[in-house]
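>
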Amino acid sequence: MNALSQKSWAWFSQALTQHSSFSAYFQPLIQIVAPQWTTDAYRASVVDIRDELSDMYTLVLAPQAGWLDKEWPNFKAGQYIELMVEKNGARVLRCFSISSSPAHYARTGLIELSIRQQYKGKMTPWMRQQLQLGSFVNISAPQGDFTLLASADANKKLFIAGGSGITPFRSMLQQQALNPSSLQTDQNIHLLYYSRNDKEIAFKHELASLQEQHPGITITFIDSSVEGFVSADHLLKYCADFHQRTAYVCGPSPMIQQARKVLSELGLSSDKVHFEYFGAAPIEIENTQQGVVHFAASQQVLVTEKDNTQTLLEHAEAQGLSPVSGCRIGVCHQCICKKKSGVVFNTRTQKFSDTGSEEIQLCISVAQGDVVLDI
Ligand code: FES
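In terms of numbering that gives the first Met the number 0, the sequence shown opens at residue 0 and continues consecutively.
Below is the structure:
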């Protein structure tokens, strides 16, 4: 179908169903009898399940072609996918980093997700019990921009991982090791890997052997029960040339905040520090202006207080509105909504928007003054 006919088809569908495609219109109906049926995901079969730690396992998946045989797209090291399963008749969705590399996928057709079982979690322990070899799950296309910069001045890298935040770094390190062209550059990576204790180090032997085989890779395991979390002392002691490196940080929110603070105090500029929150990003905005949020389509108005830190999703729900949402932490993009005007603060990127019309994610946007939304 050419671009013109695609647009006409989308217009025709929109006019009849208020959806940009007929499949999106019928999808909720079909999912009543078949919750996993979807046109916007890919199927993947479970080919192995491996325990890494007492509370972490790896799912090995073989992605299949999607709707109308669309191939699952390749990914960049550091990206994540949404994984959807049917649990007690309901469709449940979670996001997981891909812990294996694109080079591994190119060789084997397999990807790995290394998953920490959340204590009292609804999904991760259940998946460990219920999924078996040959089970099928639905997965999204790869997403996310926690990926490595390619420029030559970013060749020296500092990785800081906490707990299961090791997963995107395992993908990046494996990619370096399996991709011969990367070994010919002057790539130099130093990983500081914080674990709760020395028994909770995922991929310990694999990482140690990567270090042995590749002179450009250095790995320091840090037991946080003994040495505490990221500190200036750790950086000066274990990676004294950190100020020449581009830093990538992934792990629990408090660890990321601590690492960013320490790196900033030691003079590393914020454009050389990249980070990925596992979970909701903290709202780091002060002095928000009082304003009025107009929910234009539903003709409702809400006055926000000065120093308000509630997200627009929370504000909309407090008004009795029910905008579509999923993860509520800025990764699934289900809460995307059109902002007609006004400035919002994005809690994931820590940046303010422009004033004009654009799409925003309600669950990670905080109003800064007057805002008009198309809901
Ligand atoms: S609900 Fe998932 S990005 Fe907002």
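All C-beta atoms in this analysis are idealised placements derived from N, C-alpha and C, irrespective of residue type, glycine included.
If we count the other Cβ atoms within 10 Å of its Cβ and call it buried at 16 or more, is Ala43 buried or exposed?
Taking the sequence shown and counting its residues from 1, the one referred to as residue 43 is at position 44. Buried, by the Cβ-count rule.
> With distances taken Cα to Cα, identify the nearest neighbour of Asn307 among Pro322, Arg259, Gly368 and Cys331.
Locating residue 307 in the sequence shown gives position 308, counting from the first residue. Taking only the C-alpha atoms, the option nearest Asn307 is Gly368.
> What residues match up with Met254 in a beta bridge as DSSP calls it?
On the sequence shown, residue 254 is found 255 positions in, with the first residue counted as 1. The partner list for Met254 (beta bridge, DSSP) is empty, contrary to what the question assumes.
> Where does Phe351 land, buried or exposed, given buried means 16+ other C-beta within 10 angstroms?
Locating residue 351 in the sequence shown gives position 352, counting from the first residue. Exposed is the call here.
> In three-state terms, what does DSSP make of Ile363?
Residue numbering aside, residue 363 sits at position 364 when the sequence shown is read from its first letter. Residue state, collapsed to three classes: helix.
> For Asp50, name the three-state secondary structure that DSSP assigns.
Translated into the one-based positions of the sequence shown, residue 50 becomes position 51. DSSP places Asp50 in strand when its eight states are reduced to three.
> Can you determine whether any heavy atom of ligand 1 sits closer than 7 Å to the C-beta of Val330, and answer yes or no?
Position 331 of the sequence shown holds residue 330. Checking the Cβ of Val330 against ligand 1 gives yes.
> Taking buried to mean at least 16 other C-beta atoms within 10 Å of its own C-beta, is Lys198 buried or exposed?
If you number the sequence shown from 1, residue 198 lands on position 199. So Lys198 counts as exposed.
> Put His103 into one of helix, strand or coil per three-state DSSP.
As a position in the sequence shown, residue 103 is number 104, starting the count at 1. His103: helix per DSSP, three-state reduction.
> When burial is assigned at 16 or more other CB atoms within 10 Å of the CB, is Phe298 buried or exposed?
Mapped onto the sequence shown, residue 298 falls at position 299. Sequence inspection shows Gln at residue 298; the Phe mentioned does not correspond to that position. Classification of Gln298: exposed, given that the 10 Å Cβ count is below 16.
> Are at least three pairs of beta-carbons, each pair with one atom in the stretch 355 to 362 and one in the stretch 317 to 329, less than 8 Å apart?
Counting Cβ pairs under 8 Å, three or more are found: they touch.
> Tell me which residue opens and which closes the alpha helix (DSSP H) that Glu316 is part of.
Counting from 1 along the sequence shown, the entry for residue 316 is found at position 317. From DSSP, the alpha helix (DSSP H) with Glu316 extends over Leu311 to Ala317.
> Between Leu372, Gly329, Met126 and Cys334, which has its C-alpha nearest Gln142's C-alpha?
The residue you call residue 142 lines up with position 143 of the sequence shown. Ranking Leu372, Gly329, Met126 and Cys334 by Cα distance to Gln142 puts Gly329 first.
> Is there contact here, the stretch 120 to 133 with the stretch 154 to 170, by at least three beta-carbon pairs under 8 Å?
Contact between the stretch 120 to 133 and the stretch 154 to 170 is absent, because fewer than three Cβ pairs lie under 8 Å.
> Enumerate in chain order the residues of its own chain whose CB-to-CB distance from Glu51 is below 8 Å, with the five nearest sequence positions on each side excluded.
As a first step, residue 51 must be located in the sequence shown, where it is residue number 52. Cβ within range, chain order: Thr57, Ser113, Ala201 and Phe202.
> Quickly, what does DSSP pair Pro62 with across the bridge? List them, please.
If you number the sequence shown from 1, residue 62 lands on position 63. According to DSSP, which records beta bridges pairwise, Pro62 is partnered with Ala43.
> Give the single residue among Phe241, Ile110 and Lys271 whose Cα lies nearest to the Cα of Asp47.
On the sequence shown, residue 47 is found 48 positions in, with the first residue counted as 1. Checked all of Phe241, Ile110 and Lys271; the closest Cα to Asp47 is Ile110.
> Does any residue of chain D bring its CB to less than 8 Å from the CB of Val272?
Of the protein chains in this structure there is only one, and it is not chain D.
> What does the alpha-carbon distance come out to for the pair Ser19 and Ile335?
Reading the sequence shown from its first residue, position 20 is the one you call residue 19. Reading the sequence shown from its first residue, position 336 is the one you call residue 335. Confidence at Ser19 is low in this model, with a pLDDT of 48, below 50, so the placement of that residue should be treated as unreliable; the coordinate-derived value is given next. C-alpha separation (whole angstroms): 15 Å.
> Which same chain residues end up closer than 8 Å to Gln63 when comparing Cβ atoms and leaving out the 5 residues on each side of it in sequence?
The sequence position of residue 63 within the sequence shown is 64, counting from 1. These residues qualify, in order along the chain: Tyr41, Arg42, Ala43, Ser44 and Trp71.
> Which runs of the beta strand (DSSP E) spanning at least 3 residues fall entirely within the stretch 110 to 146, listed in chain order?
For the stretch 110 to 146, whole beta strand (DSSP E) runs of length 3 or above, ordered along the chain, are 110 to 115 and 135 to 138.
> Does the Cβ of Gln212 have 16 or more other Cβ atoms within 10 Å, making it buried, or fewer, making it exposed?
Counting from one through the sequence shown, the residue named residue 212 turns up at place 213. Burial call: exposed.
> Work out the CA separation of His314 and Gly341 for me, nearest whole Å.
For the purposes of this step, residue 341 is taken as the residue at position 342 of the sequence shown. For the purposes of this step, residue 314 is taken as the residue at position 315 of the sequence shown. Spanning the two alpha carbons is a distance of roughly 16 Å.
> Would the beta-carbon of Glu85 fall within 8 Å of that of Cys331?
Taking the sequence shown and counting its residues from 1, one reaches residue 85 at position 86. Taking the sequence shown and counting its residues from 1, one reaches residue 331 at position 332. Not in contact: Glu85 and Cys331 (Cβ atoms no closer than 8 Å).
> Are the Cβ atoms of Val272 and Met254 separated by less than 8 Å?
Taking the sequence shown and counting its residues from 1, one reaches residue 272 at position 273. Taking the sequence shown and counting its residues from 1, one reaches residue 254 at position 255. Not a contact, by the Cβ cut-off of 8 Å.
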